[in-house]
Amino acid sequence: MGSSSKQSLYERARAFYQNPSAVALTRHEALVLTNEPPEDADKPYILSVIAKADAELEEIDALLSKMTANADVDSERRKKTEDYRASLLKWRSFNQAIFSPVRRIPPEILSEIFSHLAPPTKDMGFFVLMEQWDIGVTWFLSLVCRRWRAVALSMPSLWSLVVISATMPLSLVECQMKRSRKLQIYFLEDSKRNFETRVDAFELLCRYSHLWEDLSIFGTTPDMLRLLESIRDRVSSLRRLWIHWGPRHTNRK
């Protein structure tokens, strides 16, 4: 694959990941850029691409051997040749990866694997929880490919832990709550959110109060307490409510 065509693919890949619906990929590009499994009809073409890369790599290796034996070879020319070899090797690995068995894992097995990445259900405290569990892992699983996304969206347990802070857009928080059947929530004290935005975030949370099982609030305000009072009859699933007053390190239940 020439450097210009590789560059074109990289540019299309960047555009595809930014807005998948705006880029029409060829069948081969789709296999290279996603985790979609190949069909039997795809195999001959992919193998031909790999064979072509192997032949070109063999030629480049022979050329580099001659360069090594020739002390007069310009160092910049050798560097460009080595860089091209590395690029070609990466291109070959992309195509070889299309045949990876991972792409053909049945949804039932994926679901079992994903279940081990669900947030823990036992109470261990927020800071211990954040040390032992990556809050972004669920979103990563849903972005790998369509198959993985479908499996992740079919598992409400993956979305049950919600952390509301300045780093988490409220649109994503709501999306996550819609995907869950029960919620374990940490509403963090946050100096980066102004008072109105913080109350708005809590109002959003209250719309899903029927899903609450565990709610911990850091830095409570009178308005938030009034909201809690107004939904006291809509928290039938709630098992634990923890309200933290003042700075995080001087909390009291």
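Numbers 1 to 253, taken from UniProt numbering, label the letters of the sequence shown in order. We put the CB at the ideal spot given by N, CA and C, even for glycine.
Query, Result
"Report yes or no: do three or more beta-carbon pairs, one from the stretch 236-246 and one from the stretch 208-218, lie closer than 8 Å?", "yes"
"Considering only their Cβ atoms, is the gap separating residue 199 from residue 183 smaller than 7 Å?", "no"
"At the level of alpha carbons, what is the spacing between residue 250 and residue 111?", "Confidence at residue 250 is low in this model, with a pLDDT of 43, below 50, so its placement is unreliable and the value that follows should be read with caution. One C-alpha to the other measures close to 41 Å."
"With DSSP run on the structure shown, which of helix, strand or coil describes residue 207?", "coil"
"Which residue from 137, 166 and 70 puts its Cα closest to that of residue 116?", "137"
"Evaluate the contact criterion for the stretch 73-83 versus the stretch 48-64: three or more CB pairs, one atom per stretch, below 8 Å.", "yes"
"Taking DSSP's pairing of strands, which residues face residue 218 in a bridge?", "244"
"Would residue 160 and residue 142 be called neighbours here (beta carbons separated by less than 7 Å)?", "no"
"Can you give me the C-alpha to C-alpha distance between residue 253 and residue 155, rounded to a whole angstrom?", "Since pLDDT at residue 253 reaches only 44, below the 50 mark, its modelled position is unreliable, and the value read off the structure follows with that caveat. The alpha-carbon atoms of residue 253 and residue 155 are separated by roughly 32 Å."
"Between which two residues does the beta strand (DSSP E) holding residue 164 run?", "161-164"
"Who are the near neighbours of residue 235 in its chain, counting only those whose CB is closer than 7 Å to its CB and skipping five residues on each side?", "209 and 212"
"Under 8 Å: do the stretch 48-62 and the stretch 162-174 share three or more Cβ pairs, one atom per stretch?", "no"
"Ignore the nearest five residues each way along the sequence and tell me which others in residue 36's own chain have a CB closer than 8 Å to its CB.", "30, 103, 145, 146 and 147"
"Which residue's Cα is closest to the Cα of residue 221: 52, 106, 231 and 202?", "202"
"Are the Cβ atoms of residue 98 and residue 38 separated by less than 7 Å?", "yes"
"Have a look at 91, 232 and 172 and flag the residue whose alpha-carbon is nearest the alpha-carbon of residue 47.", "91"
"Between the alpha carbons of residue 15 and residue 186, how many angstroms are there, rounded?", "35 Å"
"Closer than 7 Å by C-beta to residue 153: which residues in its own chain qualify, once you throw out the five before and the five after it? Chain order, please.", "142 and 179"
"Can you tell me the Cα-Cα spacing of residue 71 and residue 77, whole angstroms?", "12 Å"
"Which same chain residues, not among the five before or five after residue 27, have their C-beta less than 8 Å away from its C-beta?", "42"
"So for residue 185, helix, strand or coil by DSSP?", "strand"
"Report the rounded CA-to-CA distance for residue 139 versus residue 75, giving the unit in angstroms.", "45 Å"
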